[in-house]
Structure formats: structure tokens, C-alpha cells
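The block underneath contains the structure these notes are about, expressed in C-alpha cells.
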Amino acid sequence: RRGAEACLLALCEVFGDALYEQVPRLWEAMSVPLAGVGADGAAAPPPPKQAVVDACQLLRRVGARVAAAAPGSGAPFAEAVMEKTLALLEPAFAKATAKDADPATQRAASAA
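For the sequence shown, the positions run 184 to 295 when this note's numbering is used.
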């Protein structure tokens, strides 16, 4: 787990404001399960519950790194990347508070 987290944070540092363009699978892994929209913009089928948990964990790590990059801090994230990442918070909350949400999804989303 620590190695995966270190790798994810390294990707954030290396690619900065091109993170989602250079690592499109990262964006897909977060946006498809949470927002229900595929890479092509079409509606995606309902994701497995574990995919939602995984997406919340990714959002937790990437979101923290992006949010820490406040404007004027010299951090490598553009405003567009921040907005795109933070836009996933609402769908993550909705997934966690849904009537059929399992406890793992609720824990993962509450940490994000």
C-alpha cells in the first residue's frame, strides 16, 4: 500500500497540471465509478462497489495533493486540474450516502 501511495504522489509531482492528460487511466479510475461518465463522455454502466471504494481512495490521495497546491504556492497544478479533481467530491459524497452504500464505501468516502 505504501509503495502504491508513493507512486501515486510521484505521478502528481512529475506530471503536475498535465496529470490527467498524461495518465488518463487515473482520471478514468476516479471519474467513471464516481461520476458515472466514461472517457468518451457517455454514461457508464453502474460500477462494482469495489471500484467506488478504489475511486474514493484515489480521490483522497490525489485530492489532498491537488488541494494543498494553493494558488501562488508554486505547486505544479493548474486551476483546471484542481476544479476537475474537486468536482468529484460531490459524486463521492452521493455514493457514500446512498441508501444501498456498503460500509466500505462509506468509510472510503468519508476519508476523502
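For each residue, glycine too, the CB sits at the ideal point set by N, CA and C. These numbers come from a predicted model, not from an experiment.
Review point. P230 to S214, Cα distance in whole Å?
Key: One alpha carbon belongs to P230, the other to S214, and they sit about 11 Å apart.
Point to revise | Runs of alpha helix (DSSP H) lying entirely within the region 197–241, each at least 4 residues, in chain order | key: As for any alpha helix (DSSP H) of minimum length 4 sitting wholly inside the region 197–241, the runs are 202–205 and 207–218, ordered along the chain.
Review point. If you draw a straight line from the alpha carbon of E204 to that of C190, how long is it in whole angstroms?
Key: Annotation: E204 to C190 spans about 17 Å, alpha carbon to alpha carbon.
Check your understanding: With V236 and T288 assumed to form a contact (beta carbons below 8 Å), what rounded beta-carbon distance in angstroms separates them?
Key -> Between T288 and V236 the Cβ distance is about 5 Å, and since that is below 8 Å, they are a contact.
Practice item. Alpha carbon to alpha carbon, how far is A238 from A187? Give it in angstroms, no decimals. Key: Cα to Cα, the separation comes out at about 14 Å.
Check your understanding: When the Cα of D283 is compared with those of C195, K232, R208 and E211, which residue comes out closest?
Key -> Relative to the Cα of D283, the nearest Cα in the group C195, K232, R208 and E211 belongs to K232.
Practice item. Drop a sphere of 10 angstroms on the beta-carbon of T280, count the other beta-carbons inside from all chains shown, and report buried for 16 or more, exposed for fewer. Key: Result: exposed.
Practice item. Measure the alpha-carbon distance for P207 versus R185 and round it to whole angstroms. Key: Looking at the two C-alpha atoms, the distance is approximately 22 Å.
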